[in-house]
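Here the sequence shown stands for residues -36 to -1, 1 to 357, where the numbers follow mature numbering (1 follows the signal peptide of the UniProt record, and there is no 0). First comes the structure, then the notes that go with it.
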Amino acid sequence: MILCHGEHARTRRALASPSRLLAATLLGLSLQATHAAPDYPVTAAQRSTARQVAEAGVPLSELAPNAPESHVVRRGDTLWDISKLFLRSPWRWPELWGMNLEQIRNPHLIYPGQELVLVREGGRARLQFGRAGSGTVKLSPRVRAGDVDNGPLASISLHLIEPFLNDAIVLEADELDKAPRIVAGREGRVLLGRGDTAYVRGEMPPLRNWRVFRQARPLLDPDTRALLGYEAAFVGSAEYVRPGSVTPSADGKTQEIVPGTVVLTTLRQEAGAGDRLAQAPTRDTTNFVPHAPSAPIAGRIVSIYGDGMSAGQNQIVALNRGRVDGIERGHVLAIQRAGERIADRTDPQRAALQLPDETHGHLFVFRVFERVAYALILDAQTAVRPGDRFTQP
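Following this line, the structure appears as structure tokens:
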């Protein structure tokens, strides 16, 4: 999905949305600075819409309270960080480029060293690319050499979710029941650590890298108690050493089972007998950007990853909505705390009051399964607990 559309009716709606005005301002600037760039993924109609919106700017009331006059992009900045500097609604940042909402494909990206300048005039505000003392800078796509830190900005701090992009899994059925399992450690060890040898029973193709999981547990919907899937807690990684075998015993009457061998290479917790092995997929490090759902959505937090009773900023939670419900990677959701029921002490009749629900934080969805999704807590005013509701922001 690309936000900016060419139809005139949609253009009017975009112009009517203040937060989208500032978003499209940078898209227009980027497009004007690179007019010779190919149309993919931004069409001519979308360019026209962006320019119209960019010319209007946004009311000053839509800026963040302490929006700076300019900001030079630094290493370690994220799109989320920068959006909070300028906008009241940080998840609007991807709209600045009209990019594909699943991953950054637009070549006009923001890099460390570029300057963003906020221009205020006539009660409205616009953003420009600039360089201190030299006015507007024309940017064009080009090959950039350097280390990873000099690349385009990540949407959020990827180190917070990178370990969970492949290691946090939800299965439709308890598929790990039939997966290879650890049956013993060398020298009778019960708890196994990094570098320890583990012996495994089960069919294991000779692939080098494997993941180790604890036996999967069911995830139940907080409202309906329906089974949403099975969550397998990640234990660590293992490296294949040699296969197992089954050979006839010396007397030929029985079979001798020799388990396969792996070495535990990385661990988040100690491994042990009964833990299951699954093949390690290619790591998914695709960048994706924060954006609000395009349609109303609501649900509840199922659990805190790691069995916690409550969580705060930068922790991971499981949601009772997934792909079938329209949840996408990059969705930003508002965490809702249910309003209390109280008695009106100013009323002689002590009337019962239901206080309204209040937003007390935001979630960033980074992994989506059929009926479950994992999200990072971006911010939270109070502790986040299983059962808390979430909605579109």
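All residues carry an ideal CB built from backbone N, CA and C; glycine is no exception. Owing to the predicted nature of the structure, the values given are computational and were not obtained by experimental measurement.
Backbone CA spacing between residue i and residue j [nearest angstrom]
{"i": "glutamine 277", "j": "alanine 347", "result": "9 Å"}
{"i": "isoleucine 133", "j": "alanine 197", "result": "8 Å"}
{"i": "alanine 344", "j": "alanine 302", "result": "14 Å"}
{"i": "arginine 39", "j": "proline 76", "result": "6 Å"}
{"i": "glycine 238", "j": "leucine 231", "result": "16 Å"}
{"i": "glutamate 220", "j": "proline 170", "result": "21 Å"}
{"i": "valine 83", "j": "alanine 275", "result": "39 Å"}
{"i": "glycine 286", "j": "arginine 349", "result": "19 Å"}
{"i": "leucine -11", "j": "aspartate 131", "result": "Bear in mind that the predicted position of leucine -11 carries a pLDDT of just 39, short of 50, making it too unreliable to give a figure here."}
{"i": "leucine 27", "j": "glutamate 234", "result": "49 Å"}
{"i": "glycine 224", "j": "isoleucine 268", "result": "34 Å"}
{"i": "alanine 337", "j": "leucine 49", "result": "28 Å"}
{"i": "arginine 264", "j": "alanine 315", "result": "29 Å"}
{"i": "histidine -2", "j": "valine 81", "result": "A caution first: histidine -2 carries a pLDDT of 37, below 50, which makes its placement in the model unreliable, though a value can still be read off. Taking the straight line joining both Cα atoms gives about 20 Å."}
{"i": "isoleucine 46", "j": "aspartate 311", "result": "48 Å"}
{"i": "leucine 241", "j": "leucine 319", "result": "49 Å"}
{"i": "isoleucine 125", "j": "phenylalanine 330", "result": "8 Å"}
{"i": "aspartate 138", "j": "proline 182", "result": "8 Å"}
{"i": "methionine 273", "j": "glutamine 279", "result": "12 Å"}
{"i": "valine 147", "j": "serine 213", "result": "21 Å"}
{"i": "alanine 259", "j": "methionine 168", "result": "44 Å"}
{"i": "glycine 216", "j": "glutamate 151", "result": "28 Å"}
{"i": "leucine 51", "j": "threonine 229", "result": "44 Å"}
{"i": "glutamine 313", "j": "phenylalanine 128", "result": "53 Å"}
{"i": "asparagine 284", "j": "serine 34", "result": "41 Å"}
{"i": "arginine 175", "j": "asparagine 30", "result": "46 Å"}
{"i": "histidine 123", "j": "proline 186", "result": "30 Å"}
Beta-carbon contacts of residue i that lie in its chain and below 8 Å, excluding the five residues immediately before and after
{"i": "leucine 317", "result": "Arg305, Ile306, Ala307 and Asp308"}
{"i": "glutamine 300", "result": "Asp321, Glu322, Thr323, His324, Asp352, Arg353, Phe354 and Thr355"}
{"i": "valine 210", "result": "Gln219, Glu220, Ile221 and Val222"}
{"i": "valine 154", "result": "Gly236 and Ala237"}
{"i": "leucine 184", "result": "Ala190, Leu191, Leu192 and Val266"}
{"i": "proline 87", "result": "Per the sequence shown, residue 87 should be read as glycine rather than proline. Excluding sequence neighbours, glycine 87 sits near Pro23 and Leu24."}
Close beta carbons around residue i, own chain, < 7 Å, minus the five adjacent residues each side
{"i": "glutamate 136", "result": "Gly193 and Glu334"}
{"i": "asparagine 173", "result": "Ser201, Glu203 and Ala244"}
{"i": "valine 205", "result": "Thr225, Val226 and Val227"}
{"i": "phenylalanine 177", "result": "Leu140, Ala196, Ala197, Phe198, Val199, Asp239, Arg240 and Ala242"}
{"i": "glycine 110", "result": "A caution first: glycine 110 carries a pLDDT of 37, below 50, which makes its placement in the model unreliable, though a value can still be read off. Excluding residues within five positions, none has a Cβ falling inside 7 Å."}
Pick from the options that is closest to residue i, judged by C-alpha positions
{"i": "alanine 180", "options": "Arg145, Glu220 and Thr42", "result": "Arg145"}
{"i": "tryptophan 44", "options": "Val37, Val36, Pro54 and Arg264", "result": "Pro54"}
{"i": "proline 207", "options": "Gly87, Glu26 and Tyr163", "result": "Tyr163"}
{"i": "threonine 188", "options": "Val266, Ala298 and Gly303", "result": "Val266"}
{"i": "leucine 327", "options": "Ala282, Arg178, Leu241 and Pro182", "result": "Ala282"}
{"i": "leucine 340", "options": "Phe177, Asp271, Pro182 and Ser121", "result": "Ser121"}
{"i": "glutamate 292", "options": "Gln313, Pro254 and Pro312", "result": "Pro254"}
{"i": "alanine 143", "options": "Gly166, Asp289 and Glu33", "result": "Gly166"}
{"i": "valine 226", "options": "Leu49, Leu51, Gly157 and Leu184", "result": "Gly157"}
{"i": "leucine 297", "options": "Arg150, Ser25, Asp215 and Ala262", "result": "Ala262"}
{"i": "glycine 149", "options": "Glu139, Thr161, Asp141 and His123", "result": "Thr161"}
{"i": "alanine 89", "options": "Glu139, Pro32 and Phe330", "result": "Pro32"}
{"i": "aspartate 271", "options": "Gln313, Gly290 and Glu195", "result": "Glu195"}
{"i": "glutamate 85", "options": "Leu24, Met273 and Pro186", "result": "Leu24"}
{"i": "aspartate 289", "options": "Pro212, His123 and Val332", "result": "Val332"}
Run of the alpha helix (DSSP H) containing residue i, from where it starts to where it stops
{"i": "serine 47", "result": "43 to 50"}
Neighbourhood of residue i by C-beta, 6 Å cutoff - its chain only, sequence neighbours within 5 removed
{"i": "proline 257", "result": "His295 and Gln356"}
{"i": "leucine 36", "result": "A small correction: the amino acid at residue 36 is valine; leucine does not occupy that position in the sequence shown. Contacts found: Glu79."}
{"i": "glycine 159", "result": "none"}
{"i": "leucine 342", "result": "His326 and Phe328"}
The beta strand (DSSP E) enclosing residue i, as first and last residue numbers
{"i": "valine 227", "result": "224 to 231"}
{"i": "tyrosine 269", "result": "That residue, tyrosine 269, is in no beta strand (DSSP E); it is neither H nor E in DSSP."}
{"i": "glycine 149", "result": "145 to 149"}
{"i": "glycine 200", "result": "198 to 206"}
{"i": "serine 34", "result": "34 to 36"}
{"i": "glycine 325", "result": "322 to 332"}
{"i": "arginine 181", "result": "181 to 184"}
{"i": "asparagine 173", "result": "173 to 177"}
{"i": "aspartate 343", "result": "337 to 344"}
{"i": "leucine 317", "result": "316 to 318"}
{"i": "isoleucine 125", "result": "No beta strand (DSSP E) holds isoleucine 125; DSSP gives it neither H nor E."}
{"i": "alanine 242", "result": "240 to 243"}
{"i": "serine 213", "result": "Taken as a continuous stretch (DSSP letters only), serine 213 belongs to no beta strand (DSSP E), as it is neither H nor E."}
{"i": "isoleucine 291", "result": "Run containing isoleucine 291: none; DSSP gives neither H nor E here."}
{"i": "leucine 135", "result": "133 to 135"}
Sheet register partners of residue i (DSSP bridge)
{"i": "valine 164", "result": "Ile146 and Gly224"}
{"i": "residue 358", "result": "The first residue shown for the chain is -36 and the last is 357, placing residue 358 beyond what the model contains."}
{"i": "phenylalanine 354", "result": "Gly263 and Ile299"}
{"i": "arginine 88", "result": "Pro23 and Glu85"}
{"i": "arginine 305", "result": "Gln318"}
{"i": "serine 209", "result": "Val222"}
{"i": "glutamate 195", "result": "Val134 and Arg181"}
{"i": "alanine 235", "result": "Leu156"}
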